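Q:
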Amino acid sequence: IGKEKFHKPQYWGFCNNVAMLVGEDKPGIGGELLPGQKLKPKYSVFPEGMGSDAPSWVAFDKQVLSFDAYFEEEVPDKNQELYRIRYCKIYFYLEDDTIQVLEPRVKNSGINQGTIVRRHRIPLPPPHEDQFYTIDHFNINIEVIFYARRYKIIDCDQFTKNFLRKMGFRLNPPADRPDDPYTKERQKILDSMNPLRPYERIDTLKQFLEHDGHVLRFFCVWDDPESMFHDPRELVLHYYLADDTIDMKEILPVNSGRDAVPLFLRRDKLPKYAPTGLYQPGTITNHTVLNVFGNLVGNKGRYILDNRKTGAVHQEFYRDSDLKIGAVINVWGRKIILCDCDEYTKEYYRTKYGIEDFTPIPYKAPPPPRPEKTFPPYNGFGSEEDSLCSCMGLLLKPPKKDFKKLMEKDRYGLESNILRFLAKLITDSPIDKDRKFLICYFLSDDTISVFEYTQRNTGILGGKFLERGRIKKPGQELLKSEPSEYFKAQDLFVGAEVCFHGHNFLLVGADEYTFNYMEKHANEFPMADVGVILKKLKDIAEPRSREIRQVFAAADPEHTKLIEYDPFRNLIVSITGGAFSEHEIITLGHYYGVRDEYEIDLHYLLAVAQEKLKKKNFDNFEQLSAVLTYNDREKCGVLPHETCRTVCKSFKLPLADDDLQPLLTMFEDDHKQVDYKKFVDGLNWRENQIPAFQTIKVLPKNEDEWGEQPPYLPVKKIKYLPLLDDLFGKEE
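When the letters of the sequence shown are read in order and numbered with the numbering used here, they come out as residues 20 to 751.
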């Protein structure tokens, strides 16, 4: 009959009125412990309220206790050792009470070392296997049992000691670390062993690891005295810091007539020459030997390695300290001069040896001047560029176009990249004096076309006057070698006189796009650069600043601080004495002028939009209004400008963005919110059709005075006080 054995008790209870097994900590009736039941202590050595309220996995994150330990392992099958001492580390993780046991790896131990026990919670040995190891079970100079293996803790690190003291533990004194008998015996054997022969150890691994891939480069020259023409040979020397070896490569000029070889000197250590010349083969060896008996015992000798290297010949090799600019090295009987080096080599010598002078030695003769390439004169066939291409090579190719300029300056959207000027002929003929011309300059390819306005009862047919093409400047020789000069965009401005194929034109005006483009690219057009114009005007008018202020004040008798453009133009002409072109005066007026605002009629915009919607047969206004209402979350009747634009684009409203944006702006309030109901009603051409277009307000133009002033005036009135302040400073 054996002893009665109790299993872990399980208890029935009720949870949510359902009978189920509950925890083993529930006591019996009246709080009495059941047979075999042991309650876990629920108290702590610290009173409630001390310490942090954070959970353990936060408070003790990355905090580990480290203990030094060892265990004994029996070795039953070997006579050399009966047991083995194995040292290990025990790590206790405070955040979750897990334990890990590691054994440090020992070289050539023959044992699988590393992790002995992976990290997890380890149960106590029987009969308490239902509990786990905690911090209370650890101390110095005690034994712990992990899965039937007994570990002796001999010491711990300083953090562990401090932590255990704070927790109220009394630490035991550290224990001695026993030696492994077999390891100790093996060490004695190794210490008593001597090598059978003396040897020397040459360790170059450190130099290789530190300088692998580091190469010094020098540019050298060898003046070969035995060559037929005594021409210098250019070489490149590479010094490898990893193993102190050198190789050289020759730089062969084009059409030198020499055979191209991979290397002039293959990579190896380069010896310095001995005073007596080269050593005989066998003189230099890695080892020296001694004949112990000589010829005393017959003809047989006894040889051993000589550790003292008696009679050995030591040969010196070139090192990095021997290489510098200006040095002459002997490369197997050839005198090589080091003339220059690269930047990495300079930095290496500057850092290691403190050398600062790296003046190169000139070794190349200056190249002869390249003969100037001359071309035959133009023969009159084809264009000049096409004829010039026939002189460039045997294979004829068409002249290349500036494709980048063509793509950048080609028409794109509203950007036409065409400068348009109004011109008239400079002539005394009464018939030709009243003829009007439109000169168009295309920025994409620098071509010019001329059209003539059609006028009634003149007897002259209007239309194309000059075909589009590049126009040469007058006064150039036709058949010459140099390329001809053509008219550029900088040569055209209001007031300029140009000659196109014998016809003299005076540019008297330009359109709005031309003025805006030239002012936007003022660095290319000095006639439209306000800074240049003001500096030029200041140099002329500064000596008469007081008089000029009085003249401008007299032109404004009502003290409105504004004057008309015509009096302003006449004043500038009188001040400058005709030194300013008409374009420069217009640029000043544009910069200091007051622009008139011309609002487009809302009815006209809606009429244009309705006409486009009607042509595209778009009448889905109810669904458009429903989607706009759905996007109005606050039901206030207005939406942001971008939201309305996005909804219209999603409906594929057949209106261009340039037409849609002004329409939305017309229905905006002070907070930039669009009244979308009125916007949709305005577009609804079925219910709210606008019968006729409203006229647009346009600038008045007097065609009879086109010769006196440009057809386009950006402004009508000029603010002269800011101009005077910029010229002469503010008046006190």
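All residues carry an ideal CB built from backbone N, CA and C; glycine is no exception.
Just so you know, these numbers come straight off a predicted model, no measurement behind them.
(1) Mind checking glutamate 122: buried by the 16 CB within 10 Å criterion, or exposed?
(2) Can you tell me where the beta strand (DSSP E) holding alanine 88 begins and where it ends?
(3) In angstroms, rounded to a whole number, what distance separates the CA positions of lysine 420 and aspartate 405?
(4) Helix, strand or coil for arginine 568? Go by DSSP, reduced to three states.
(5) So leucine 438 and tyrosine 460 are supposed to be a Cβ contact under 8 Å. How far apart are they, rounded?
(6) Touching or not, the stretch 187 to 196 and the stretch 154 to 167, by the rule of three or more beta carbon pairs under 8 Å?
(7) Alpha carbon to alpha carbon, how far is aspartate 149 from isoleucine 208?
(8) If you reduce the DSSP assignment to three classes, tell me which class lysine 557 lands in.
(9) Do alanine 261 and phenylalanine 283 have their CB atoms nearer than 9 Å?
(10) Does the beta-carbon distance from glutamate 603 to lysine 539 come in below 9 Å?
(11) What runs of the alpha helix (DSSP H), each 4 residues or longer, lie entirely inside the stretch 381 to 467?
(12) Quick one: grab the DSSP three-state call for histidine 522.
(13) Would you list the residues sitting across from tyrosine 505 in a DSSP beta bridge?
(14) From the DSSP output, read off the bridge partner residues of glutamate 661.
(15) Below 8 Å, how does it come out for the stretch 229 to 248 and the stretch 257 to 274: are there three or more Cβ pairs, yes or no?
(16) Taking buried to mean at least 16 other C-beta atoms within 10 Å of its own C-beta, is threonine 533 buried or exposed?
(17) Does the distance from the CB of tyrosine 89 to the CB of proline 200 come in under 9 Å?
(18) Can you tell me whether DSSP reads proline 146 as helix, strand or coil?
(19) Does the count of Cβ pairs from the stretch 319 to 331 and the stretch 352 to 361 closer than 8 Å reach three?
(20) With H, G and I counted as helix, E and B as strand and the rest as coil, what does DSSP make of tryptophan 351?
(21) Write down the C-beta distance between leucine 702 and leucine 632 rounded to the nearest angstrom, noting that I regard them as a contact closer than 8 Å.
(22) Taking only the alpha-carbon atoms, compute the straight-line gap between aspartate 548 and asparagine 542 and give it to the nearest angstrom.
(23) Which residues in the same chain as phenylalanine 86 place their Cβ atom closer than 6 Å to its Cβ, once the five residues preceding and following it in sequence are excluded?
(24) Once the 5 residues before and after isoleucine 118 are set aside, which same chain residues still bring their CB inside 8 Å of it?
(25) Taking just the CA atoms, how far does phenylalanine 571 sit from serine 593?
(26) Note down the Cα distance separating tyrosine 695 from leucine 672, rounded to an integer number of angstroms.
(27) Compare the C-alpha of asparagine 93 against each of Gly550, Val83, Ile104 and name the closest.
(28) Three-state secondary structure (DSSP) at tryptophan 76?
(29) Could you say which of Lys452, Ile303, Ile323 lies nearest to valine 311 if we only look at CA atoms?
A: Here's the rundown:
(1) buried
(2) 83 to 93
(3) 11 Å
(4) helix
(5) 4 Å
(6) yes
(7) 49 Å
(8) helix
(9) no
(10) no
(11) 403 to 408, 422 to 427
(12) strand
(13) Lys491
(14) Per DSSP, none; premise fails for glutamate 661.
(15) yes
(16) buried
(17) no
(18) coil
(19) no
(20) coil
(21) 6 Å
(22) 7 Å
(23) Ile109, Ile172, Cys175
(24) Ile109, Tyr110, Phe111, Tyr112, Val136, Arg138, His139, Arg140, Ile141, Tyr152, Phe165
(25) 12 Å
(26) 15 Å
(27) Residue identity differs from the one stated: residue 93 is glutamate in this sequence, not asparagine. Looking at the Cα atoms, Ile104 is the closest of the given residues.
(28) helix
(29) Ile323
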